[in-house]
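There are 2 protein chains.
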Amino acid sequence: MKLTSRQLEIIKIVKENEPISGDSIAGTLGLSRATLRSDLAILTMTGLLDARPKVGYFYTGQTIEPLLYEKLYKKTVQDILLPPILIHQGTTVYDAVTNLFMYDVGSLYVKDDKDELIGVLSRKDLLRAAISNPNTEKTPVAMIMTRMPNVITITKERTILEAGGLLLQHSIDTLPVVENDHPKKVIGKVTKSRIMAYFINAGHEIEKENY
Amino acid sequence: MKLTSRQLEIIKIVKENEPISGDSIAGTLGLSRATLRSDLAILTMTGLLDARPKVGYFYTGQTIEPLLYEKLYKKTVQDILLPPILIHQGTTVYDAVTNLFMYDVGSLYVKDDKDELIGVLSRKDLLRAAISNPNTEKTPVAMIMTRMPNVITITKERTILEAGGLLLQHSIDTLPVVENDHPKKVIGKVTKSRIMAYFINAGHEIEKENY
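Chains as they are written, first to last, in my numbering: chain D, 32 to 242; chain B, 32 to 242.
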């Protein structure tokens, strides 16, 4: 159910003037009481408004949440994952930074000769190395990366809410998405930026649909 | 209105088996048709389910969204802003990087002698400078920062949706929050990380309330 603009208007009037009679709501809207009957019935039926005899309508503050909640938060990592940038552990810090700018990404994943994930490089890892080490053209990234098993990964079946929870809990910017049966085989990435973009884009879509 | 777990269960059954009769729903749940009468009435009244005579119930795919939407997206920047870290334009790149790590932040704001905002330093700005310039201890941040008027700012009355939209549109990580009547007076910051944390924390709260 999408509430109609008139139903939303009624909720707004009740919020601001509660308790308010059906006649007063109708008067405020310049409509007849009969015209509003079915709107008021739906709003009380759904529990959004409460009607008390001889007093008037109240706003209950309740919302019908589970469905939008499920739509927003129960989507899976698969729905939003991005292609990862993987570099070899022998790559120099200098070349890693070059890659970061060339691909315009916030982090890089590091692999070994078997193409398996062995570490992650954040912008902060690279900045720390660049500012304190004059030999960035000779230092391999293997010396400065965050190394497995300290890298937090996720699989594509987990929800966006779980992915965001892991990023927050560990104060990290990126989660390599790995295969279920090959926990070192990277198939994508999920980042703070990607999750923010997901929620903001969803908000813009809901706005377009409803207003 | 919060849908009850039984109402959610009914929606799930209808989604998977539509069209399905009221008797079959009752049978699946092991309940009598009479017990379900009021649940089915509410679900059709709200438009979540559609009932066609002699055919059965359908899931309409509609959701009651505006209220959770308003709760999530119409909060303002004021509700989530963080304290900013401001450094003077004469600070060296090396000292700026030190500040970034000491305060564990992702960006720094740059002010002049009048404490007015004149620029922003992202991790990428600092990384670019650190990797390509051996004199980070002599270079002032004024030489490498993104400078006003190219800095995108926001005020505290704007919504979280608007803040997120600006971050996405300009591909930036941070928005200085400035005073309405002093557009160079910084009172806080809003970042991609903060917005992601906001949506993930809200998701965890809704989960706790409803499940």
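From the three backbone atoms N, C-alpha and C, an ideal C-beta is built for every residue, glycine too.
{"Check": "Where the alpha helix (DSSP H) through residue 46 of chain D begins and ends", "Outcome": "36-48"}
{"Check": "Helix, strand or coil at residue 223 of chain D according to DSSP, with G and I counted as helix", "Outcome": "helix"}
{"Check": "CB of residue 191 of chain D within 9 Å of CB of residue 111 of chain D, strictly", "Outcome": "yes"}
{"Check": "Residue 219 of chain D at chain B interface by Cβ criterion, 9 Å", "Outcome": "no"}
{"Check": "DSSP-derived helix/strand/coil call for residue 182 of chain D", "Outcome": "coil"}
{"Check": "Contact with chain D by residue 238 of chain B, beta-carbon distance below 9 Å", "Outcome": "yes"}
{"Check": "Inter-residue Cα distance where the pair is residue 37 of chain B and residue 188 of chain D", "Outcome": "26 Å"}
{"Check": "Contacting residues, own chain, Cβ-Cβ under 7 Å from residue 157 of chain B (five flanking each side not counted)", "Outcome": "124, 127, 128 and 131"}
{"Check": "Residues of its chain near residue 49 of chain B, where Cβ-Cβ distance is below 8 Å and the 5 sequence neighbours each way are ignored", "Outcome": "87, 88, 89 and 90"}
{"Check": "Inter-stretch contact at 8 Å, needing at least 3 Cβ pairs: the segment 105-119 of chain B / the segment 58-67 of chain B", "Outcome": "no"}
{"Check": "Chain-ordered residues of the segment 146-168 of chain D with a beta carbon less than 8 Å from chain B", "Outcome": "154, 155, 157, 158, 159, 161, 162, 165 and 167"}
{"Check": "Euclidean distance between Cα positions of residue 51 of chain D and residue 83 of chain D", "Outcome": "10 Å"}
{"Check": "First through last residue of the beta strand (DSSP E) which encompasses residue 204 of chain B", "Outcome": "Here residue 204 of chain B belongs to no beta strand (DSSP E), and DSSP marks it neither H nor E."}
{"Check": "Inter-residue spacing [alpha-carbon to alpha-carbon] between residue 146 of chain B and residue 114 of chain B", "Outcome": "15 Å"}
{"Check": "Residue 69 of chain D (DSSP reduced to helix, strand or coil)", "Outcome": "helix"}
{"Check": "Rounded separation between residue 69 of chain B and residue 58 of chain B - CA only", "Outcome": "16 Å"}
{"Check": "Through-space distance from residue 143 of chain D to residue 182 of chain D, alpha-carbon basis", "Outcome": "15 Å"}
{"Check": "Range covered by the alpha helix (DSSP H) that runs through residue 156 of chain D", "Outcome": "154-163"}
{"Check": "Proximity to residue 28 of chain D [Cα-Cα], best of D:74, D:72 and D:141", "Outcome": "A question about residue 28 of chain D goes unanswered here, because the residues of chain D that appear run from 32 up to 242."}
{"Check": "Nearest-angstrom beta carbon gap, residue 176 of chain B and residue 152 of chain B [assumed within contact, 8 Å]", "Outcome": "5 Å"}
{"Check": "Buried or exposed by the 16-neighbour rule on C-beta atoms within 10 Å, applied to residue 236 of chain B", "Outcome": "exposed"}
{"Check": "Cβ neighbours of residue 186 of chain B in the same chain (closer than 6 Å, five flanking residues each side left out)", "Outcome": "211"}
{"Check": "Distance, residue 154 of chain B Cα to residue 180 of chain D Cα", "Outcome": "26 Å"}
{"Check": "Those residues which DSSP pairs with residue 113 of chain D across a bridge", "Outcome": "D:220"}
{"Check": "Contact list for residue 224 of chain D against chain B, beta-carbon separation under 7 Å", "Outcome": "223"}
{"Check": "Interfacial residues, the segment 192-213 of chain D to chain B, with Cβ spacing under 9 Å", "Outcome": "192, 194, 195, 196, 198, 199, 202 and 204"}
{"Check": "Backbone secondary structure at residue 106 of chain D - three-state DSSP", "Outcome": "coil"}
{"Check": "Contact set between the segment 116-140 of chain B and chain D, restricted to residues whose Cβ is under 9 Å from the partner", "Outcome": "124, 125, 128, 129, 131, 132, 135 and 137"}
{"Check": "Same chain only: Cβ atoms within 7 Å of residue 197 of chain D, ignoring 5 sequence neighbours per side", "Outcome": "183, 185 and 206"}
{"Check": "Residues sharing a beta bridge with residue 87 of chain D, DSSP", "Outcome": "D:83"}
{"Check": "Rounded C-alpha distance that separates residue 73 of chain D from residue 217 of chain B", "Outcome": "46 Å"}
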